Amino acid sequence: MPGQVIRVKRREKLGWLERSYVPMLVQGLAVTARHFFRNLAGFVTGRRRDFVVQFPEERIDHPDAFRGMPVLVALEDGRPRCVACGLCEFACPTKCIDIVPAELPDSPVERTPAVFDIDMSRCMFCGLCEESCPEEAIVMSQEVEIAGFDRSSMLFTMEQLLVPEAMLDRRLRFLRREYER
Amino acid sequence: MAEDLRSRTESSLTERVPDTAEDDLGSDLHTAHQRLNMGPSHPATHGTVKFLIELDGESIVDLDVQVGYLHRGFEKECESRSWYQAIPYTDRLNYNSALMANVGFCLTVEKLLALETPERCQWLRVLASELSRVGDHLTRCGATCLELQAMTPFLYGIEARELIWDLQEALCGARVTSNYVRIGGVRHDLPDGFGAVCRDNLARIRELLADFDSVVTRNRIFVDRLKGTGILSREDCIAYAVTGPLLRAAGVPLDLRKSEPYLCYEELDFDIPIGEVGDNYDRYLVCVEEMNQSLRIVEQCLRRLEMMGQGPVDSTDPRVRWPAKNRVFDGMEEMIQQFKSVTEGPRVPAGEAYGATESANGELGFYLVSDGSQKPVKVRCRPPSFANLQPLSRMVKGGLLSDLIPTFDLVNMIGGECDR
Ligand code: SF4
Ligand code: SF4
Numbered sequence: 341m342p343g344q345v346i347r348v349k350r351r352e353k354l355g356w357l358e359r360s361y362v363p364m365l366v367q368g369l370a371v372t373a374r375h376f377f378r379n380l381a382g383f384v385t386g387r388r389r390d391f392v393v394q395f396p397e398e399r400i401d402h403p404d405a406f407r408g409m410p411v412l413v414a415l416e417d418g419r420p421r422c423v424a425c426g427l428c429e430f431a432c433p434t435k436c437i438d439i440v441p442a443e444l445p446d447s448p449v450e451r452t453p454a455v456f457d458i459d460m461s462r463c464m465f466c467g468l469c470e471e472s473c474p475e476e477a478i479v480m481s482q483e484v485e486i487a488g489f490d491r492s493s494m495l496f497t498m499e500q501l502l503v504p505e506a507m508l509d510r511r512l513r514f515l516r517r518e519y520e521r
Numbered sequence: 002m003a004e005d006l007r008s009r010t011e012s013s014l015t016e017r018v019p020d021t022a023e024d025d026l027g028s029d030l031h032t033a034h035q036r037l038n039m040g041p042s043h044p045a046t047h048g049t050v051k052f053l054i055e056l057d058g059e060s061i062v063d064l065d066v067q068v069g070y071l072h073r074g075f076e077k078e079c080e081s082r083s084w085y086q087a088i089p090y091t092d093r094l095n096y097n098s099a100l101m102a103n104v105g106f107c108l109t110v111e112k113l114l115a116l117e118t119p120e121r122c123q124w125l126r127v128l129a130s131e132l133s134r135v136g137d138h139l140t141r142c143g144a145t146c147l148e149l150q151a152m153t154p155f156l157y158g159i160e161a162r163e164l165i166w167d168l169q170e171a172l173c174g175a176r177v178t179s180n181y182v183r184i185g186g187v188r189h190d191l192p193d194g195f196g197a198v199c200r201d202n203l204a205r206i207r208e209l210l211a212d213f214d215s216v217v218t219r220n221r222i223f224v225d226r227l228k229g230t231g232i233l234s235r236e237d238c239i240a241y242a243v244t245g246p247l248l249r250a251a252g253v254p255l256d257l258r259k260s261e262p263y264l265c266y267e268e269l270d271f272d273i274p275i276g277e278v279g280d281n282y283d284r285y286l287v288c289v290e291e292m293n294q295s296l297r298i299v300e301q302c303l304r305r306l307e308m309m310g311q312g313p314v315d316s317t318d319p320r321v322r323w324p325a326k327n328r329v330f331d332g333m334e335e336m337i338q339q340f341k342s343v344t345e346g347p348r349v350p351a352g353e354a355y356g357a358t359e360s361a362n363g364e365l366g367f368y369l370v371s372d373g374s375q376k377p378v379k380v381r382c383r384p385p386s387f388a389n390l391q392p393l394s395r396m397v398k399g400g401l402l403s404d405l406i407p408t409f410d411l412v413n414m415i416g417g418e419c420d421r
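Protein chains in written order, with the numbering used here: chain S, 341 to 521; chain U, 2 to 421.
Dropping the structure here:
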């Protein structure tokens with residue numbers, strides 16, 4: 341096994357000049373000034389290096405893997421793709437999904453959820469529902485701005501959760517990459 | 002004395018205690034010890050913990066640490082769920098290095114299952130762990146500076162941690178609550194273009210670390226505050242079962258990545274930094290050096306993963322991994338398998354196992370007991386912060402009250418992990 345044990349160098353012996361605080365004062369100023377001017381230059385040229393996001397005006401583009409709130413995939417006719425099999429209900433560690441199935445006549449899938457509620461105040465965005473779904477019907481979106489004024493507003497019903505498939509394209513493409521493991 | 006203090010925890014904020022000092026000068030001046038409650042939420046400590054301190058003027062005569070304010074029943078929570086559902090809960094132990102708790106838990110379950118994971122999965126786990134180790138140490142060193150009133154280096158540390166968390170977000174889908182590792186694998190492979198972004202960020206982290214170093218390491222104020230404070234000798238460290246950077250700062254070269262290599266640490270080239278005296282300055286230096294070593298490991302992992310080319314990241318054992326999705330969509334057999342795996346979860350053979358990993362704070366162990374059913378019978382977590390916090394009173398006794406702050410910061414007690 342390469343690598344060895346090394347003793348850290350204690351650089352605690354300070355010369356009289358260093359004990360006078362002056363060199364550190366200058367060095368500290370130099371470092372902070374460099375950061376300041378570099379951030380300023382980035383700000384002026386539009387290639388910003390700082391991490392501040394001017395929130396409501398500016399938003400971060402999350403990576404593909406990002407897990408926001410879980411949403412339901414809506415087919416073209418507006419119906420959910422979900423067949424109310426209840427697997428996500430099982431997989432959810434916080435038990436925040438509530439499904440009531442119903443029959444769907446004149447359709448090969450035969451089942452559809454009559455009720456599909458997710459209690460977002462309990463959901464921990466873990467993504468296990470998405471991973472367990474055998475129909476690609478529930479996926480993690482990029483949406484995280486779901487604050488509400490009371491607990492009842494955190495109960496999301498099926499109508500609130502349905503998102504057209506086209507809008508979830510990015511996530512679905514990311515997921516499909518993994519399907520052929 | 003500690004016993005005495007504990008029996009009177011519900012004292013008022015400050016209270017006079019009859020003088021116990023025996024020296025004549027003390028009794029002449031009628032000085033009295035003062036008892037001070039610090040915490041549970043004190044602006045100068047990061048971490049929810051209460052100190053009951055007995056002070057003689059400004060020096061600490063005795064200190065009692067009271068933990069448990071963040072107890073959420075993690076162990077019971079895991080025991081009431083199936084094995085795979087416990088993984089998101091391990092994210093919530095140490096918010097700085099959730100990935101390492103993921104890895105530790107899954108490795109222990111795999112030990113019970115006697116399961117081998119594919120090579121690529123192991124390298125991905127190491128990559129993820131080492132990234133979070135850097136993030137953890139950055140927080141530790143940054144917060145120490147912050148609480149010594151040095152705001153600037155703290156911001157550099159946090160900027161670097163932000164770069165780490167960006168990488169974690171691209172890899173796992175969340176900055177903090179990673180939920181990335183699975184029993185027998187990982188959630189998914191590296192995202193496209195991860196290597197380039199990672200190298201870019203690593204270069205910037207190195208720059209920030211250099212700036213951090215140049216403003217504090219030889220700064221007289223910083224050196225004076227850390228040097229010779231919070232000393233814990235090598236013998237005491239061992240007696241109190243202290244692990245991690247604290248133990249190494251005291252000069253004991255114990256690192257589970259070297260002494261009991263797990264995953265693919267055996268093939269990696271990295272050094273173990275150790276200190277001399279075990280004071281706060283040594284702890285700081287050890288952490289900084291460990292960050293450099295971890296960055297080296299991340300680079301080696303990246304190189305290996307790129308050389309290896311695409312490959313499976315999951316074990317094919319049907320007991321633990323859910324079938325590949327496109328086969329679930331098309332095949333009846335796989336569909337049934339998916340239903341079985343999700344509703345039942347893996348059935349782990351009866352037995353018990355203890356798995357220890359070297360997390361950023363020290364030895365993070367999981368002791369799991371299974372009776373062969375869908376749920377663990379016992380999930381016991383050995384949190385490094387808890388053991389590392391025990392000798393705090395020994396570290397600060399006789400020192401100044403103000404030395405408690407950097408000592409506590411460098412112990413890096415994380416409430417979520419310590420109290421579970
Ligand atoms: S993301 Fe996790 S907690 Fe939220 S609904 Fe899905 S499984 Fe449940
Ligand atoms: S697992 Fe998928 S198909 Fe089944 S109920 Fe949940 S969302 Fe619907």
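From the three backbone atoms N, C-alpha and C, an ideal C-beta is built for every residue, glycine too.
For clarity, every value in this text was computed on a predicted model and none was experimentally measured.
Please state whether the Cβ-Cβ distance between residue i and residue j is less than 9 Å.
i	j	result
U:Gly356	U:Lys112	yes
U:Leu390	U:Val68	yes
U:Leu257	U:Glu359	yes
U:Gly416	U:Val50	yes
S:Gln344	U:Asp272	yes
U:Pro246	U:Cys288	yes
U:Glu335	U:Val343	no
S:Cys466	S:Arg517	no
U:Leu172	S:Ala414	no
U:His432	U:Glu148	Given a span of 2 to 421 for chain U in the structure shown, any question on residue 432 of chain U remains unanswerable.
U:Asp283	U:Ala251	yes
S:Cys473	S:Cys432	no
U:Gly279	U:Leu233	yes
Consult DSSP for residue i and reduce its assignment to one of helix, strand or coil.
i	result
U:Glu364	strand
S:Glu352	coil
S:Ser360	coil
U:Ala22	Unreliable placement is indicated for U:Ala22, whose pLDDT of 49 sits below 50; the coordinate value is still reported in the next sentence. Note: U:Ala22 maps to coil in three-state DSSP.
U:Met414	coil
U:Ala99	helix
U:Ile298	helix
S:Phe377	helix
S:Ala431	helix
S:Leu508	helix
U:Glu359	strand
U:Arg284	helix
S:Met297	The requested residue 297 of chain S is not part of the displayed model; chain S covers only 341 to 521.
S:Leu495	strand
S:Arg513	helix
U:Glu353	strand
U:Arg320	coil
U:Asp404	helix
S:Val366	helix
U:Val177	coil
S:Leu501	helix
S:Val371	helix
Could you give the residue range of the alpha helix (DSSP H) that holds residue i?
i	result
S:Phe456	Unbroken run through S:Phe456 is the beta strand (DSSP E), 451-459; no alpha helix (DSSP H).
U:Lys341	333-345
U:Ala204	195-217
U:Met39	Premise fails: U:Met39 lies in the beta strand (DSSP E), 34-39, not in any alpha helix (DSSP H).
U:Pro154	152-173
U:Pro385	385-390
For the beta strand (DSSP E) that residue i lies in, which residues bound it at each end?
i	result
U:Phe52	51-57
U:Lys376	Careful: U:Lys376 lies outside any beta strand (DSSP E) and carries neither H nor E.
U:Gln67	60-67
S:Val411	410-414
S:Phe440	The sequence given here has Val at residue 440 of chain S, not Phe. Its beta strand (DSSP E) spans residues 437-443.
Would the beta-carbon of residue i be found less than 8 Å away from any heavy atom of ligand 3?
i	result
U:Ile54	The model depicted lacks ligand 3 and carries ligand 1 and ligand 2 instead.
Can we say the region 375-390 of chain S touches the region 315-332 of chain U, given the rule of at least three CB pairs closer than 8 Å? no
At a Cβ cut of 7 Å, what residues of the region 213-242 of chain U count as close to chain S, listed as they run along the chain? Ser215, Val216, Thr218, Arg219, Asn220, Arg221, Val224, Lys228
Along the region 59-86 of chain U, what residues have a CB closer than 7 Å to any CB found in chain S? Arg82, Gln86
Quick one, which residues of the region 332-355 of chain U are near chain S if we go by CB-CB under 7 Å, in chain order? Met336, Gln339, Phe340, Val343, Thr344
Is the region 156-168 of chain U touching the region 193-203 of chain U, taking contact as three or more C-beta pairs under 8 Å? yes
Touching by the beta-carbon criterion (3+ pairs, under 8 Å), the region 485-498 of chain S and the region 455-469 of chain S: yes
Inter-stretch contact at 8 Å, needing at least 3 Cβ pairs: the region 362-373 of chain S / the region 209-216 of chain U: yes
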